[in-house]
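In our numbering, the protein residues as written are 318 to 516.
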């Protein structure tokens, strides 16, 4: 069973271990390192009023991390409204977490207050973009360059309820609160954008 929960500074050792394993694997594969790990650790240590850090656990082990922007101030690279997310995962889990994470995000945002939404994201690797399109149901919106000059394949996934998903993934009380009480939602109609980085 998977559990999605908010991470806190107390989770730093778990986050460090996951990021260290993922970075070592990426280097062995010849993948460039862009400093996403340092940015994530900084967010975890210092907090940020525009971002939530969500951990994905499998049987108590941290297997994925999503950073979800919940305020417009954190959004870059997309026109219109959006909600970015990054998702490092440990190499031993392969790409199946990208599919499961995509399903959870698409389902999660259907329960938030406001109009229908898109989960939107950008990846820098063409193979990852093709995987997200072919296996995870994402649509390519456009190809561009980020402000730092890196390639960015901008993808989107429509909000879609998946009722049976709750048998695979549970959502912690603090993440479920906005679903039960729309007035408490920090998102207020802002669509989601995951930046799944399985490499």
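C-beta atoms are modelled at their ideal positions from N, C-alpha and C, and glycine is treated no differently.
None of the values given here were measured: they were computed from a predicted structure.
Grab me the residues of residue i's own chain with a C-beta within less than 8 Å of its C-beta, minus the 5 sequence neighbours each way, in chain order.
i, result
"residue 318", "375, 376, 485, 486, 487"
"residue 419", "436, 449, 453, 454, 455, 474, 511, 513"
"residue 482", "420, 421, 424"
"residue 416", "452, 453"
"residue 447", "none"
Among the options, whose alpha-carbon lies nearest the alpha-carbon of residue i?
i, options, result
"residue 360", "461, 431, 324, 425", "324"
"residue 491", "483, 369, 358, 354", "369"
"residue 457", "440, 463, 385", "440"
"residue 480", "452, 469, 425", "425"
"residue 443", "427, 428, 462", "462"
"residue 307", "333, 358, 348", "The question about residue 307 has no answer here: the residues shown for the chain are numbered 318 through 516."
"residue 362", "333, 468, 469", "333"
"residue 327", "465, 358, 345", "358"
"residue 356", "336, 468, 428", "336"
"residue 322", "344, 451, 422, 345", "422"
"residue 331", "378, 345, 470", "378"
"residue 364", "344, 329, 465", "329"
For residue i, I'd like the list of residues in its chain whose CB is within less than 6 Å of its CB, leaving aside the five on either flank, ordered along the chain.
i, result
"residue 455", "449, 472, 474"
"residue 320", "374, 487"
"residue 467", "441"
"residue 460", "470"
Which residue or residues does DSSP assign as beta-bridge partners of residue i?
i, result
"residue 320", "374, 487"
**Message:** I want to know whether the stretch 429-446 touches the stretch 465-480 - three or more CB-CB distances under 8 Å.
**Reply:** yes
**Message:** For a minimum of 4 consecutive residues, which ranges assigned as the alpha helix (DSSP H) are wholly contained in the stretch 428-485?
**Reply:** 443-451
**Message:** Quick check on the DSSP output: what are the complete beta strand (DSSP E) runs of length 3 or more inside the stretch 322-391, in order along the chain?
**Reply:** 368-375, 378-386
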